[in-house]
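Counting along the sequence shown from 1, when you hit position 304 you're at 1138 in the numbering used here, and nothing is skipped either side. A short write-up of the structure that comes next.
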Amino acid sequence: MVIKINSSVLSISAVCIRSMSTFPSLPTAVAEFVSNAVAECEPAKVHVVTGTPEETADILAGLEKEGMVKKLPKYVNCWLARTDPKDVARVESKTVIVTRQQRDTVPIPCNGAKSQLGNWMSETDFQKAKEERFPATMTGRTMYVIPFSMGPVNSSLAKFGVQLTDSPYVVASMGIMTRTGTPVMEKLEQGVEFVRCQHSVGRPLPLKAPLVNQWPCNPEKVLISHLPDTRQILSFGSGYGGNSLLGKKCFALRIASRIAKDEGWLAEHMLILGITNPQGVKRYVAAAFPSACGKTNLAMMKPALPGWKVECVGDDIAWMKFDSQGKLRAINPENGFFGVAPGTSLKTNPHAMDTISKNTIFTNVGETSDGGVWWEGLEPPSTGITLTDWHGKSWKPGAATPCAHPNSRFCAPASQCPIIDPLWESDEGVPIDAIIFGGRRPEGVPLVYETFNWRHGVFVGAAMRSEATAAAEHKGISTFSNCHIIIIIYYNNYYNNINEKYKNT
């Protein structure tokens, strides 16, 4: 559904939106959200995303026409995007939490030292920053309205959101990473609560300066802000997935950690897998590692031991809650994989390689002359095949710079994974029997060790550290940069949930 806006009118009314034929009406709360954003951002038109394959094909065709993506003929419906080199990863230093009191979010270090546990912004400073960025930021562009669900639409653990964005790349990627479109809109019509997500690349038209790689972004003004009290996310200036796919870290971990605290459940930076032993006994395990530390490879493991089987529920995020019987259950709130490409290969993760062979968006990887992709860790290309690096320049092995950016990504549907677990979309979630905490620590600590009990496990997880990676700057328990309540409250929520059910084990 597309709504054209007269250039002399800077807002659209709920009545105008509700008259559209594709959706006979938008829910009142959604219509109000869209109308207010239109008045502020001044887009040329509004498109309400339906999530159909035909719509997605049109979005990708438009991206190709603009030069933002390139079709990869070696695969089925796969695409390559190259970003501005200044827009390649999450920006923790410009990711903030907005609350009335700083102590609601982060501890206040003595002598004015900077907290390592998050970035707080006052409501006054946020309002000023917002007013410097969002007014008229979508001039000349289309505002896309994306209704989405985190988790199976009918699950009691699912949460809903509406993202507004001026990036068709985000629309295509959100269609993979979340459940979007009409089924979600039907839930919103029933009056379910939703997180309000607003995103802009920050480059209104006509452009005042040329783009790099046809990738619109405004790196000097990047700000990813979270308002947990009002369940809002506002992201400006970046088109990179971690900053612009607001259902991912922004919602599924940052805002969700606050919702989980309020409602008594856990939002965790964890993979979920099912493992079956040779005797046929199956257990589900959740495991927390920071980004770029092996979650995807473990979630899709191909066991070397005879008789063992691993099946994947999710590779990045777990929402966990105790059911009425006292069993910890978990869902993967995502619908796709947004994995780090370098290091992924037929040797390290053959199932991931199968997963990304179709219907995948690659970002900042290398390109082969026969229409494929390449990155460090893959086998050398066949004789006669040349390589182009993530900057779009000719590249040869041994060059001083890598062919693929260290944080280059693939975005692929989870349903394509050859070992996807039969219960990965279960409304009730899967029963969790064990939790693993890990990270990148090549020396100084044992490779594997078991805690004494569940409570001790929370303590050990809280005390862990990991080396910096291309996707994360540091931190233990794998979620510091993604937790938007004061960390001691987060630990207390974790401890209370675990201790209540496992106090004697």
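Glycine is no exception: its CB is placed at the ideal position from the N, C-alpha and C atoms.
Determine the closest residue to PRO887 out of VAL1279, ASN1077, SER1249, ILE1010, with distance taken between C-alpha atoms. Sequence index remark: in the sequence shown, residue 887 carries index 53 (1-based). Selected option, being the one with the closest Cα: ILE1010.
Go ahead and label HIS1290 buried or exposed: buried means 16 or more other beta carbons lie within 10 angstroms of its beta carbon, across all protein chains shown. Sequence index remark: in the sequence shown, residue 1290 carries index 456 (1-based). With fewer than 16 other Cβ atoms within 10 Å, it is exposed.
Quick one: give me the first and last residue of the alpha helix (DSSP H) that THR958 is part of. Working through the sequence shown from its first residue, we reach residue 958 at position 124. 957–967 is the extent of the alpha helix (DSSP H) around THR958.
Span separating the alpha-carbon of SER842 from that of PRO969: One-based indexing of the sequence shown puts residue 842 at position 8. One-based indexing of the sequence shown puts residue 969 at position 135. At SER842 the pLDDT is 33, less than 50, meaning the model places this residue with poor confidence; the figure from the coordinates comes in the next sentence. If you take the alpha carbons of SER842 and PRO969, they lie about 16 Å apart.
Taking only three categories from DSSP, how would you classify VAL1004? For the purposes of this step, residue 1004 is taken as residue 170 along the sequence shown, with counting starting at 1. Reduced to three states, the DSSP call for VAL1004 is helix.
Sequence-distant residues of its chain with Cβ nearer than 6 Å to MET955 (five each side left out): Position 121 of the sequence shown, counting from 1, holds the residue named residue 955. Closer than 6 Å at the Cβ level, and outside the excluded window around MET955, lie VAL930, VAL932.
For GLY1206, collect the residues of the same chain with a Cβ closer than 6 Å to its Cβ; drop the 5 residues on either side in sequence, then sort them by chain order. In the sequence shown, residue 1206 corresponds to position 372, counting from 1. Answer for GLY1206: LYS908, listed in chain order.
Let's see if you can read the secondary structure: which residues bound the beta strand (DSSP E) around CYS1146? As a working note, residue 1146 is residue 312 in the sequence shown. First-last of the beta strand (DSSP E) with CYS1146: 1143–1148.
In three-state DSSP terms, what is GLU1210? Within the sequence shown, residue 1210 is the residue found at index 376, counting from 1. GLU1210: strand per DSSP, three-state reduction.
Does the beta-carbon distance from SER1300 to GLY1273 come in below 8 Å? Within the sequence shown, residue 1300 is the residue found at index 466, counting from 1. Within the sequence shown, residue 1273 is the residue found at index 439, counting from 1. Yes.
Jot down the residue ranges of each uninterrupted beta strand (DSSP E) in the segment 878–958, minimum 3 residues, whole runs only, in chain order. 879–882, 903–905, 913–915, 929–932
Spatial neighbours of ASN1316 in its chain, beta-carbon cut-off 8 Å, leaving aside the 5 residues before and after: Sequence index remark: in the sequence shown, residue 1316 carries index 482 (1-based). Because ASN1316 carries a pLDDT of 47, less than 50, the predicted location of this residue cannot be relied on, and the following value inherits that uncertainty. Here the set comprises LYS1083, LEU1087, ARG1088, SER1091, HIS1103.
In three-state DSSP terms, what is GLY995? Your numbering for residue 995 matches position 161 in the sequence shown. GLY995: strand per DSSP, three-state reduction.
By alpha-carbon positions, which one of THR1016, ILE980, LEU1212, ILE1219 ends up nearest to SER1203? Looking up residue 1203 in the sequence shown gives position 369. If we check each option's Cα against that of SER1203, ILE1219 comes out closest.
The segment 1029–1042 touching the segment 974–988, judged by at least three CB pairs closer than 8 Å: yes
Between the Cα of ASN1166 and those of GLU1210, GLU898, ALA1122, PRO986, spot the shortest distance and give me the residue it belongs to. Start at 1 with the first residue of the sequence shown, and residue 1166 comes out as number 332. Ranking GLU1210, GLU898, ALA1122, PRO986 by Cα distance to ASN1166 puts PRO986 first.
With burial defined as no fewer than 16 other Cβ atoms inside 10 Å of the residue's Cβ, what is the status of VAL779: buried or exposed? In the structure as shown, the chain begins at 835 and stops at 1339. Residue 779 is therefore absent and cannot be evaluated.
Could you tell me which of GLU1027, GLY1232, PRO1236, VAL1147 sits nearest to PRO861, measuring between CA atoms? Here residue 861 refers to the residue found at position 27 of the sequence shown. Ranking GLU1027, GLY1232, PRO1236, VAL1147 by Cα distance to PRO861 puts GLU1027 first.
Would you be able to state if there are at least three C-beta pairs under 8 Å between the segment 1059–1075 and the segment 1106–1117? no
Less than 8 Å between C-beta atoms, sequence neighbours within five positions excluded: which residues of the same chain meet that for LYS899? Counted from its first residue, the sequence shown places residue 899 at position 65. Closer than 8 Å at the Cβ level, and outside the excluded window around LYS899, lies no residue.
Within the same chain, show all residues whose beta-carbon is closer than 6 Å to that of GLN1250, passing over the 5 residues directly before and after it, in chain order. Here residue 1250 refers to the residue found at position 416 when the sequence shown is read from its first residue. Closer than 6 Å at the Cβ level, and outside the excluded window around GLN1250, lie THR1189.
Assuming the contact rule is C-beta atoms closer than 8 Å, PRO981 and GLY1015 should be a hit. Round their C-beta distance to whole Å, please. Residue mapping note: residue 981 aligns to position 147 of the sequence shown, counting from 1. Residue mapping note: residue 1015 aligns to position 181 of the sequence shown, counting from 1. Correct: roughly 7 Å between the Cβ atoms.
Using the Cα positions of SER1059 and TRP1142, report the straight-line distance between them to the nearest angstrom. Counted from its first residue, the sequence shown places residue 1059 at position 225. Counted from its first residue, the sequence shown places residue 1142 at position 308. Computed Cα separation, rounded: 44 Å.
When DSSP labels each residue in this structure, what does ARG975 get in the three-state scheme? On the sequence shown, residue 975 is found 141 positions in, with the first residue counted as 1. ARG975: coil per DSSP, three-state reduction.
Around the Cβ of GLY1226, are there at least 16 other Cβ atoms within 10 angstroms (buried) or fewer (exposed)? Looking up residue 1226 in the sequence shown gives position 392. Classification of GLY1226: exposed, given that the 10 Å Cβ count is below 16.
Name the two residues that bound the continuous beta strand (DSSP E) containing LYS1116. Along the sequence shown, read from residue 1 onward, the residue named residue 1116 stands at position 282. Counting along the chain, the beta strand (DSSP E) containing LYS1116 begins and ends at 1116–1122.
Let me know if GLN1024 comes out buried or exposed under the rule of 16 or more other beta-carbons within 10 Å of its beta-carbon. If you number the sequence shown from 1, residue 1024 lands on position 190. Exposed, since its Cβ has fewer than 16 Cβ neighbours within 10 Å.
Quickly, what does DSSP pair GLY1108 with across the bridge? List them, please. As a first step, residue 1108 is located in the sequence shown; it is residue number 274 there, counting from the start. Answer is TYR1118, GLU1145.
Pick out whichever of SER1158, ASP1063, PRO1280 has its Cα sitting closest to the Cα of TRP1099. Sequence index remark: in the sequence shown, residue 1099 carries index 265 (1-based). Nearest C-alpha to TRP1099: SER1158.
For TRP1049 versus ARG916, is the C-beta distance shorter than 8 Å? Working through the sequence shown from its first residue, we reach residue 1049 at position 215. Working through the sequence shown from its first residue, we reach residue 916 at position 82. Against a cut-off of 8 Å, the Cβ pair of ARG916 and TRP1049 comes out as a contact.
On the CB-based measure, 16 or more other CB atoms within 10 Å of its CB, does ALA1138 come out buried or exposed? Counting from one through the sequence shown, the residue named residue 1138 turns up at place 304. Under this definition ALA1138 is an exposed residue.
My output table needs one value for ALA1238: the three-state DSSP class, helix, strand or coil. Position 404 of the sequence shown holds residue 1238. Reduced to three states, the DSSP call for ALA1238 is coil.
What did DSSP end up calling CYS875 once you bin it into helix, strand or coil? Counting from one through the sequence shown, the residue named residue 875 turns up at place 41. Residue state, collapsed to three classes: helix.
In chain order, what residues of the same chain have a beta carbon less than 7 Å from the beta carbon of THR1222, not counting five sequence neighbours either side? Taking the first residue of the sequence shown as position 1, residue 1222 is located at position 388. Once the five neighbours on either side are set aside, the close Cβ partners of THR1222 are GLY1200, GLU1201, SER1228, TRP1229.
Could you tell me whether the Cβ atoms of VAL922 and ASN1169 are closer together than 8 Å? Position 88 of the sequence shown, counting from 1, holds the residue named residue 922. Position 335 of the sequence shown, counting from 1, holds the residue named residue 1169. No, the Cβ-Cβ distance between VAL922 and ASN1169 is not below 8 Å.
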